[in-house]
Amino acid sequence: MYKSIAANKRNTILIMALFVGIISAIGWVVSYYYGNPNITYFVIVGAGLYALLQYFIADKLTVAMTGARQIEKRDNPRFYRVVENLAITTGSPMPKVYVIEDSAPNAFATGRDPNHSIVAATTGLIDAMNDNELEAVMAHEMGHVANYDIRVGMITFGLVSAIGFLSDIILRMMFYGNHRDSDNNSSPVIMIIGIIALILAPIIAVIVQMAVSRQREYLADATSAMTTRNPESLASALEKLKTLGRPMKRQSTASAHLFFLDPLKPGFFSKLFSTHPPLEDRIKRLRENEGKF
59 MYKSIAANKR NTILIMALFV GIISAIGWVV SYYYGNPNIT YFVIVGAGLY ALLQYFIADK
119 LTVAMTGARQ IEKRDNPRFY RVVENLAITT GSPMPKVYVI EDSAPNAFAT GRDPNHSIVA
179 ATTGLIDAMN DNELEAVMAH EMGHVANYDI RVGMITFGLV SAIGFLSDII LRMMFYGNHR
239 DSDNNSSPVI MIIGIIALIL APIIAVIVQM AVSRQREYLA DATSAMTTRN PESLASALEK
299 LKTLGRPMKR QSTASAHLFF LDPLKPGFFS KLFSTHPPLE DRIKRLRENE GKF
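Listed below in structure tokens is the structure:
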């Protein structure tokens with residue numbers, strides 16, 4: 059497990075470097091076309107600042123996109139105490155606790171490290187689970203915090219958002235940008251750049267999201283089982299989700315990988331490129347390894 063945590067920390071650096079590299083490369087191509095090398099420097103600095111900004115505010119963006127609201131113990135004593143008891147049990151800092159008003163059962167964790175973490179659950183999850191199942195699900199989410207999965211997920215969120223934004227900018231340049239000379243209005247170069255960016259943007263987004271691999275979900279499941287000493291509770295929660303699980307009201311492909319269960323509307327490509335392992339596989343692993351936790 060400690061090797062996995064160390065690997066997650068290394069992956070954070072790699073993902074940030076990938077982000078800066080991709081944006082800088084595209085900036086160089088655009089600057090070459092316009093004959094202005096300063097564009098490259100501007101894009102490199104801008105990409106670095108954007109990556110740094112995402113490191114500190116991506117958790118806030120995630121909360122805003124999901125519509126989650128922060129609660130105190132008096133607002134939902136049962137749910138808050140579950141998180142509080144898990145923090146005491148594991149000796150970890152108490153995360154901020156959020157609730158999402160949504161009947162779809164789900165949960166997520168985010169933040170840049172255990173000292174700056176957030177855990178959240180939907181009202182649907184809180185209502186559907188008994189105390190042991192709710193504890194197991196939140197132990198899974200707090201496992202993501204302890205294993206530093208939240209840091210990788212947060213950077214992934216920023217990268218996916220940035221690539222989508224960049225592709226939109228290039229698309230606008232294709233049709234509305236001012237060019238060096240009138241000949242460029244008919245030049246295929248900017249069209250090719252735009253088309254490549256538009257094709258690569260969703261592919262890169264999927265690949266980076268898949269960097270938050272299925273193994274991290276298995277690791278968080280194992281962390282939950284070891285924390286609660288009751289893997290059957292998590293297996294039972296996953297069994298419930300096989301029938302109760304459904305898409306959330308507020309969805310975003312950029313943040314889907316953060317959730318306990320895929321919050322998106324099911325489809326062929328979402329299943330093919332899902333960062334979440336099939337529920338059946340997770341249940342099977344928990345029950346097959348029950349004696350090892």
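Quick note on this note's numbering: the sequence shown kicks off at 59 and runs consecutively.
By construction, the Cβ of each residue, glycine as well, lies at the ideal position given by its N, Cα and C atoms.
Is valine 103 near isoleucine 129, with beta carbons less than 7 Å apart?
no
Taking the alpha-carbon positions, what's the aspartate 171 to isoleucine 208 distance?
7 Å
Please go through the stretch 167 to 207 and give each complete beta strand (DSSP E) segment of 3 or more residues, from N-terminal end onward.
175 to 180
On a CA-only basis, which of Gly222, Gln273 and Leu277 is nearest isoleucine 254? Give me that one, please.
Closest in C-alpha terms to isoleucine 254, from the list Gly222, Gln273 and Leu277, comes Gly222.
Put alanine 165 into one of helix, strand or coil per three-state DSSP.
strand
Please name the residue, chosen from His198, Ala167, Thr311 and Glu191, that lies closest to leucine 277 on a Cα-to-Cα basis.
Nearest option by C-alpha distance: His198.
Using the C-alpha atoms, what's the distance from arginine 304 back to serine 310?
14 Å
Rounded to a whole number of angstroms, what is the C-alpha to C-alpha distance between serine 282 and alanine 167?
14 Å
Does DSSP classify arginine 343 as helix, strand or coil?
helix
Measuring only the C-alpha atoms, how far is leucine 192 from asparagine 173?
23 Å
Alpha carbon to alpha carbon, what distance is there between valine 87 and leucine 337?
43 Å
Hey, quick one: how far does the beta strand (DSSP E) through isoleucine 158 stretch, first residue to last?
For isoleucine 158, the uninterrupted beta strand (DSSP E) run begins and ends at 154 to 158, by DSSP.
Give me the Cβ distance between methionine 212 and alanine 122, rounded to the nearest whole Å; I'm assuming they're in contact under 8 Å.
Going by Cβ atoms, the distance from methionine 212 to alanine 122 rounds to 14 Å, so no, they are not a contact pair.
For glutamine 112, does the count of other Cβ atoms within 10 angstroms reach 16, so buried, or fall short, so exposed?
buried
State yes or no: is the C-beta of leucine 322 within less than 7 Å of the C-beta of leucine 299?
no
In the structure shown, what three-state DSSP assignment does glutamine 309 receive?
Glutamine 309: coil per DSSP, three-state reduction.
Just the Cα atoms here: how many angstroms apart are alanine 126 and lysine 154?
11 Å
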